[in-house]
Amino acid sequence: QFIIGKESTQEEFFHTFNALHSAGKQIVLTSDRPPKEMETLEARIRSRFEWGLMADIGYPDYETRMAILRKKVEEDHIQLDDEILNYIATNIKTNIREIEGALNKLIAYSNIEHTDITLDIAEQELANIIAPEKPREITPQLIVEVVAESYGITVDQMISKNKSKNITEPRQIAMYLCRELTSNPLESIGKLLGGRDHSTIIHGANKVADEYKRNDEYKKQIDSIIKKIKPD
């Protein structure tokens, strides 16, 4: 996204991209948004961004965070109980730099004070890094994203006109959960879900509600999604 609005940079990038592509080179690009949301990016460059595979890279999960911490202490020959590593991995979920920064802070404290790190010390030293979590705000957008992820589809597929069962079912579940878990008007829910009218939202939500009442397996499926949306 650093090239947005920079015409000369975009021109140079365009020719560089073409040269690498013509030579059969692999090109890897990263950005903080998908190409279609880069409004001031030249169309010819945007189209090239969309040629290849696009993947959303999320935050590292708990297992990955723990593996990173264990690898770090092993490489640096540091003795830290898993209790301490678990505290860091559980409370810092955003990125690797913050995780390693927290670990380095504890290591520095241990070296300066010549003492082992306990959980109490970790909590005290990382208090300015690990803030109490705010309750998660449940929004229709969050619900749509969680449902899409749960069914292995994209949000774009969810809001599309696609009427295949593997898309329609999660879409209707999103309608139901948006109605049940938020106070948003049906019109705004419909707008989020591809511009559908309120009668479509009512029909989809009611269909899911009926199945939820009579099908235990279906109920478990919906309940597991609800737990992802509101884990506590």
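Residue numbers (the working numbering): 6 to 237.
Note that the Cβ used here is the ideal one computed from N, Cα and C, for glycine as well.
- Between V151 and I230 the beta-carbon gap is near 6 Å, inside 8 Å, which marks them as a contact.
- With contacts defined as CB atoms closer than 8 Å, G195 and H208 fail to qualify as a contacting pair.
- Around the beta carbon of R102, fewer than 16 other beta carbons lie within 10 angstroms, which makes this residue exposed.
- N23: member of the alpha helix (DSSP H) spanning E12 to S27, first to last residue.
- Annotated as distal: M43 and R49, with beta-carbon spacing of 8 Å or more.
- Counting along the chain, the unbroken alpha helix (DSSP H) around R184 starts and ends at K170 to L186.
- By the neighbour-count criterion, in which a residue is buried when 16 or more other Cβ atoms sit within 10 angstroms of its Cβ, I134 is exposed.
- Looking at the backbone, the Cα of A113 and that of D121 are separated by about 11 Å.
- DSSP, read as helix, strand or coil, puts I101 in helix.
- Here DSSP, grouped into helix, strand and coil, assigns L191 to helix.
- Of the residues assessed, Y64 falls on the exposed side of the cut-off, its CB having fewer than 16 other CB atoms within 10 angstroms.
- Between A127 and Y92, the CB-CB gap stays under 8 Å.
- Taking the C-beta atoms as reference points, Y217 is found nearer than 8 Å to K224.
- I206 is not a Cβ neighbour of L147, given a cutoff of 8 Å.
- In this structure T187 is in contact with T144, their Cβ atoms being roughly 7 Å apart against a cut-off of 8 Å.
- Judged by DSSP in its simplified three-state form, S229 adopts helix.
- For E150, the enclosing alpha helix (DSSP H) stretches over residues P145 to S155.
- At a Cβ-Cβ threshold of 8 Å, L191 and I164 do not count as neighbours.
- The segment 31-71 contains, as complete alpha helix (DSSP H) runs of 4+ residues, the segments 48-54 (chain order).
- Judged by their CB atoms, F54 and L34 are nearer to each other than the 8 Å cut-off.
- For K218, the enclosing alpha helix (DSSP H) covers residues H203 to R219.
- M71 and E16 have their C-alpha atoms roughly 43 Å apart.
- Excluding residues up to 5 positions away in sequence, L124 lie with their Cβ nearer than 7 Å to the Cβ of E88 in the same chain.
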